[in-house]
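For the sequence shown, our numbering assigns the number 29 to the initial residue and increments by one for each residue that follows.
Where a beta carbon is used, it is the ideal one built from N, C-alpha and C, also for glycine.
In what follows, a single structure is set out as structure tokens and then discussed.
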Amino acid sequence: MTSETNPAADFSEWDAALAGAFEILLGGEPAVHPAAGYGVYYGSDTFDEFLFPNAWATADALSGRAASTLQDPDGEHPFSPWTWRFDLGGSLFWFDPDLLAGTGPWGEDGHKGPRPFGDAFVADLRAASAADEAGEVLVPGAQLGPLLGRHGVDLTGGECERLNGWLTVLLRVATDGTLTDAMRAATFTERGPGHLVSVSDLRYARSAVEPWEERLGAVAHPALRDHLRMLCLAEDDARSEGGFYRGNGPWPWTDVLEAVGCSLVAGWGFGEFQAGAAVVRLPDQPEAR
29 MTSETNPAAD FSEWDAALAG AFEILLGGEP AVHPAAGYGV YYGSDTFDEF LFPNAWATAD
89 ALSGRAASTL QDPDGEHPFS PWTWRFDLGG SLFWFDPDLL AGTGPWGEDG HKGPRPFGDA
149 FVADLRAASA ADEAGEVLVP GAQLGPLLGR HGVDLTGGEC ERLNGWLTVL LRVATDGTLT
209 DAMRAATFTE RGPGHLVSVS DLRYARSAVE PWEERLGAVA HPALRDHLRM LCLAEDDARS
269 EGGFYRGNGP WPWTDVLEAV GCSLVAGWGF GEFQAGAAVV RLPDQPEAR
């Protein structure tokens, strides 16, 4: 959505306004280690529920390094995640234990039918996994892609619809690895001051929940202040629009992030926490950025 207010002409002032706003949201100027890398992940129960069939979960797309835009399944709305470009190789894929073991609903007598994957694929998947507790498997797209190609597994066809709800994806937003760029993406400010959400874009004009209403009063840029207020609503107010800010508090997919060595910096929830975005510090490895 585009704000009705005039965008700042001087981007140095815009950058300064963002820096001040991020300092407020993070509770002070963060101590950033020069070698640290940061990223943004997006998760959505609704996205997982209708994940398949899709055209982007190919071996080549997951193995590649180019950022991708994904088809918008929801239609245009304020704070739409589908304005982001995604790093599919850095996205995380969690496979349910029953799905891989061929047990429960996936057993020979289960209502989902026999396991759709062969033993060799499952064995390679487990070998590549960052977590294999209780039989679950978690792999980044960059490792999953080659396995799909090697074993001829197709995640794009209509027959994959039965996998919905059994394969969870945390999409990695494409950023440059800095905390500033991660915060720009997570707050939907990465496209500049001409793409801010204004109060008039929402059906109900609300104030941010305290203490954020007071704290955000210090943001010098009026349109940015209103934009961020709509991302700091009370949970009840954010059930239908806007978002609520949890800082580094509980986030629904924290366990998935921690399994690959990420630590939560700032998290947002949307709806009744069916969806959320999180800024994380990436594992201290050169390839993590």
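Checklist entry - In the DSSP assignment, what are the bridge partners of tyrosine 69? => result In the DSSP output, where bridge partners are listed per residue, tyrosine 69 has Arg200, Ala306.
Checklist entry - Is valine 288 closer than 9 Å to asparagine 276 when the C-beta atoms are compared? => result No, the pair does not count as a contact, with Cβ atoms beyond the cut-off.
Checklist entry - Does the stretch 102–117 come within contact of the stretch 196–205, defined as at least 3 CB pairs closer than 8 Å? => result By the Cβ rule, the stretch 102–117 counts as touching the stretch 196–205, because three or more pairs are nearer than 8 Å.
Next on the checklist: Assuming phenylalanine 145 and valine 197 are in contact, meaning their beta carbons sit under 8 Å apart, how far apart are those beta carbons, in whole angstroms?
Outcome noted: Between valine 197 and phenylalanine 145 the Cβ distance is about 17 Å, and since that is not below 8 Å, they are no contact.
Checklist entry - Looking only at DSSP bridge pairs, what is tryptophan 296 linked to? => result Under DSSP, tryptophan 296 takes part in a beta bridge, and its partners are Tyr273, Ala305.
Next on the checklist: Could you check whether proline 174 and serine 40 sit closer than 9 Å to each other, using their CB atoms as the reference points?
Outcome noted: Judged by beta-carbon spacing, proline 174 lies beyond the 9 Å limit of serine 40, meaning their Cβ atoms are not closer than that value.
Next on the checklist: Would the stretch 120–134 count as touching the stretch 182–197 if we require 3 or more Cβ pairs under 8 Å?
Outcome noted: The stretch 120–134 is in contact with the stretch 182–197.
Item to check | C-alpha gap between arginine 231 and proline 133, whole angstroms | outcome: Their Cα atoms are separated by approximately 42 Å.
Next on the checklist: Below 8 Å on the Cβ atoms is my contact criterion, and I expect glycine 71 with tryptophan 281 to pass it. Report the Cβ-Cβ distance as a whole number of Å.
Outcome noted: Yes, they are in contact, since the Cβ atoms of glycine 71 and tryptophan 281 sit about 5 Å apart, within 8 Å.
Item to check | Local conformation of glycine 114 per DSSP, three classes | outcome: A small fix is needed here, since residue 114 is phenylalanine in this sequence, not glycine. Reduced to three states, the DSSP call for phenylalanine 114 is strand.
Checklist entry - Across which residues does DSSP place tryptophan 122 in a beta bridge pair? => result Tryptophan 122 pairs with Leu166, Thr196.
Next on the checklist: To the nearest angstrom, how far is the alpha carbon of leucine 128 from that of glycine 163?
Outcome noted: When rounded, the distance between both Cα atoms is 8 Å.
Next on the checklist: Can you give me the C-alpha to C-alpha distance between histidine 105 and alanine 148, rounded to a whole angstrom?
Outcome noted: Going by the C-alpha atoms only, they are around 43 Å apart.
Checklist entry - Taking the C-alpha atoms as reference points, what is the distance between serine 77 and leucine 46? => result Correcting the residue type first, residue 77 is glutamate in the shown sequence and not serine. Each residue's alpha carbon lies about 35 Å from the other.
Next on the checklist: For a minimum of 4 consecutive residues, which ranges assigned as the alpha helix (DSSP H) are wholly contained in the stretch 217–288?
Outcome noted: Here the runs fully enclosed are 240–243, 250–257, 282–287.
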